[in-house]
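As structure tokens, the structure follows; a few thoughts come after it.
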Amino acid sequence: MPWTWAEDNKATGAKPERKMIWDESPIESACEADGRLSMPCRRFVSHRHSQHLINLYFCGEYPGSKAKVPVESSSLLAITLQACLPFLPGTVVEVMPSKASPNVAIKGPSADKEFSEFTVGGQKENQVDPDLIEAIHNYKVRKNTHVEETSFVDIALDIISGRFIEFYRVPKVKFTLHLISHLCYMLYLSYVLLGKYDHMRPVVTSHEVFFWLWTFARAVGEVSELEQFDDYASFTRSIRLYMLDSWNKVDLLNVLVVMPIIVMRCMYAPSDSDPVSDARRLAPSAASSSAASSVASGATSSTDLNVLYSDAEHLWPRTLYAVVLILVFMRVLQFMRYFSSVGVLTICLGSMSTDVGLFIIILLPLTCGFSVAQAVLQPRQQLAEDWYAILGNAPLWEPFWGLFGYFNVQGLLNDIHEHGDEYPTGVTAPFLIYAYQFIATIVLVNLLIAQMADTYSRITSEGLLRWQFERAQLISEYKDTKKPMPPPLNVLYVICAYLTGLVRREQDIRVHEGFKHMPSERDLRHWQQMEIQALKLCLAQRDKSQAESTEAKLDEQKDLIQKQEASMRRRFEHLNRRMDTLVHDITVSLSEHGGLQNAGPRGGRRASKSHDVDNGQRPPADKLTLQSS
Numbered sequence: 161m162p163w164t165w166a167e168d169n170k171a172t173g174a175k176p177e178r179k180m181i182w183d184e185s186p187i188e189s190a191c192e193a194d195g196r197l198s199m200p201c202r203r204f205v206s207h208r209h210s211q212h213l214i215n216l217y218f219c220g221e222y223p224g225s226k227a228k229v230p231v232e233s234s235s236l237l238a239i240t241l242q243a244c245l246p247f248l249p250g251t252v253v254e255v256m257p258s259k260a261s262p263n264v265a266i267k268g269p270s271a272d273k274e275f276s277e278f279t280v281g282g283q284k285e286n287q288v289d290p291d292l293i294e295a296i297h298n299y300k301v302r303k304n305t306h307v308e309e310t311s312f313v314d315i316a317l318d319i320i321s322g323r324f325i326e327f328y329r330v331p332k333v334k335f336t337l338h339l340i341s342h343l344c345y346m347l348y349l350s351y352v353l354l355g356k357y358d359h360m361r362p363v364v365t366s367h368e369v370f371f372w373l374w375t376f377a378r379a380v381g382e383v384s385e386l387e388q389f390d391d392y393a394s395f396t397r398s399i400r401l402y403m404l405d406s407w408n409k410v411d412l413l414n415v416l417v418v419m420p421i422i423v424m425r426c427m428y429a430p431s432d433s434d435p436v437s438d439a440r441r442l443a444p445s446a447a448s449s450s451a452a453s454s455v456a457s458g459a460t461s462s463t464d465l466n467v468l469y470s471d472a473e474h475l476w477p478r479t480l481y482a483v484v485l486i487l488v489f490m491r492v493l494q495f496m497r498y499f500s501s502v503g504v505l506t507i508c509l510g511s512m513s514t515d516v517g518l519f520i521i522i523l524l525p526l527t528c529g530f531s532v533a534q535a536v537l538q539p540r541q542q543l544a545e546d547w548y549a550i551l552g553n554a555p556l557w558e559p560f561w562g563l564f565g566y567f568n569v570q571g572l573l574n575d576i577h578e579h580g581d582e583y584p585t586g587v588t589a590p591f592l593i594y595a596y597q598f599i600a601t602i603v604l605v606n607l608l609i610a611q612m613a614d615t616y617s618r619i620t621s622e623g624l625l626r627w628q629f630e631r632a633q634l635i636s637e638y639k640d641t642k643k644p645m646p647p648p649l650n651v652l653y654v655i656c657a658y659l660t661g662l663v664r665r666e667q668d669i670r671v672h673e674g675f676k677h678m679p680s681e682r683d684l685r686h687w688q689q690m691e692i693q694a695l696k697l698c699l700a701q702r703d704k705s706q707a708e709s710t711e712a713k714l715d716e717q718k719d720l721i722q723k724q725e726a727s728m729r730r731r732f733e734h735l736n737r738r739m740d741t742l743v744h745d746i747t748v749s750l751s752e753h754g755g756l757q758n759a760g761p762r763g764g765r766r767a768s769k770s771h772d773v774d775n776g777q778r779p780p781a782d783k784l785t786l787q788s789s
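Counting with our numbering, you get residues 161 to 789 for the letters of the sequence shown.
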């Protein structure tokens, strides 16, 4: 129960107050993206019952949902095909109504009003039997699900009831649509930059403008994700929680890199309207006037392209576009983490990045030292290269390339012989190269490989737990924060939602966010009784299993033997007491009988006879019989 009832004040006659114990489900608290990873939380989330519940939520079976898809038969490809057929619901993927009852608010004005009707102890007056209400609910569910899902009647019901629209709100459907949208975004950017004409012309085309709008729509989607953190006190903390996800950083960096591209392209690039004058402005010299005419006519050569593409205003956007391409292609890994095999490997890569960072800390001072030493030993080649040529052919950068096995030793020796620097440079420079190669590639690189192998074996042992934990966070993100329509259609959805007031209504239903499942008070009490019965059954099964074990049987035999020993000891003691009593009674009887005989007239004769008996002179048997009688 999420609340407890305080003691009523009998003096004032006030009703007992309802005190909140918790307002989140355990699985929601365990999956909370607060930046702290806990092994107990990961084990709880990776439990098969938790994973089953998360899979149900991912397919739309959660409180507040109006549509769901099957867990087993709804592949990503089938969902993609079904999304292309909005007015034919259920043809490829079954679209079924969700059977999960809506959550009820456990705090707020509505909850206070509802629980004000409760009496002492939490019981409502004139409350219907919970079992009867449960039976009525099950009957209604069976009555509404008798129609076959693939029939034309079901398709008509899906259209009339609006489930064909709610289909796009299912988290798994949203994940599939966002994946397809990102793949299209990636391919479209490649087409814009590598097309037959667009990448050769320094003009701003309509395709490039559409790509900018698409990027703006992605930025709108990222900003809308901050709504999940609006319950926190400060906006800075919301930003911090948003930045904890590495993939959010990649999306944000993608938008930030595209922004200067747009500025530079709009400021310096010509337009499609007058390519002749703009090309002449980009190539003002006499040597490039012919290149401008070639661009205008569409007949360009490699020489003309070299002339037109030599300006910095065109080189900088192209360089930034290359960075954007890498970020966009790398972003595909976030979607691929949905699959367990890829997800575990990406987790291993993320953990190995720590090893690489430590390796760089050790390697960088060593490499920089040998780099400066090579630059000092080869001043002519160092001065021949530009100072800004990072990772070029200058001797300063030779050790950095040497990590990958590229060392031009023959060129070094030829340069030394050509300028007469035979000794000691001819000996010192090759020796330094040899020493660096030995230390870096044999010692340090193998040390890194060993460390990464140890990290891989350590992470793979718990990689499945971490993957299931991160997958739960991914499902929660697509359930609550992602819009039903992916970019660039999400802009239209946001506009329509604000115009129709859907956003306000969605924000009022906060009880359906996350993995919380807050049923009614009737269901809570019914499940509490089931929990008590299950606990009793579990304890009985535990006692039964313990009783059937070998150790339990041995203990039982030991107890039985001890009981038998105690019983025999009691019986033996009782028998001893009886024998002692009999001996005492016999002794008393004999003493009394002997006293009477001594007191009689024939006492002397009997005494002499008894004396004869004691001396071994027993009388005949017939005399003994008569005497005893």
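Glycine is no exception: its CB is placed at the ideal position from the N, C-alpha and C atoms.
Using a Cβ distance threshold of 8 angstroms, L480 and V417 count as a contacting pair. Separation of the CB atoms of I315 and G381 is rounded to 31 angstroms, and the pair is thereby denied contact status at 8 angstroms. Distances from the alpha-carbon of A589 to those of V536, F564, A610 and Y616 put V536 closest.
For L493, the CB contacts under 7 angstroms within the same chain, skipping 5 residues up- and downstream, are T506 in chain order. When secondary structure is reduced to three states using DSSP, K228 falls in the strand class.
Per the DSSP secondary-structure output, M256 pairs in a beta bridge with K228. Contact between V229 and K334 is ruled out by a C-beta separation of about 11 angstroms, above the 8 angstroms threshold. Distance from the CA atom of E708 to the CA atom of C201, rounded to whole angstroms, is 34 angstroms. Using a Cβ-Cβ distance cut-off of 8 angstroms, the segment 647-657 and the segment 509-527 are not in contact, since fewer than three pairs of beta carbons, one from each stretch, lie closer than that value. Annotated as proximal: L349 and F371, with beta-carbon spacing under 8 angstroms. Here F629 is buried. Its C-beta has 16 or more other C-beta atoms within 10 Å. Out of V569, F564, Q538 and G565, the CA that lies nearest to the CA of A554 is found in Q538. By the Cβ-count criterion, I522 is exposed, with fewer than 16 other Cβ atoms from all chains shown falling within 10 Å of its own Cβ. Within the same chain, Cβ atoms closer than 7 angstroms to the Cβ of I635 are found at I214, Y217, F218 and P331, the five residues on either side in sequence being excluded. Straight across, the Cα-Cα distance linking F204 with E725 is about 50 angstroms.
In the three-state reduction of the DSSP assignment, K643 falls in the coil class, being assigned neither a helical nor a strand state. Rounded to the nearest angstrom, the gap between the Cα atoms of R478 and V352 is 12 angstroms. Taking S210 as the centre and dropping the five residues before and after it, the same chain places the C-beta of I187 and F204 closer than 7 angstroms to its C-beta, in chain order. With a cutoff of 8 angstroms on beta-carbon distance, R378 and P647 are scored as near each other. Between S206 and L624, the C-beta spacing is below 8 angstroms. With a beta-carbon spacing of about 6 angstroms, S258 and G220 fall inside the 8 angstroms limit used to define contacts. Judged by DSSP in its simplified three-state form, S709 adopts coil rather than helix or strand. Sixteen is the threshold: since fewer than 16 other Cβ atoms of the shown chains lie within 10 Å of the Cβ of D745, the residue is exposed.
Less than 8 angstroms separates the beta-carbon of K643 from that of S384. Counting every other CB atom within 10 Å of its CB across the protein chains shown gives H753 a total below 16, marking it as exposed.
Comparing C-alpha distances from A533 to each of C508, L714, A595 and I550 shows the shortest one belongs to A595.
Taken in chain order, the segment 566-593 contains no complete beta strand (DSSP E) segment of 3 residues or longer.
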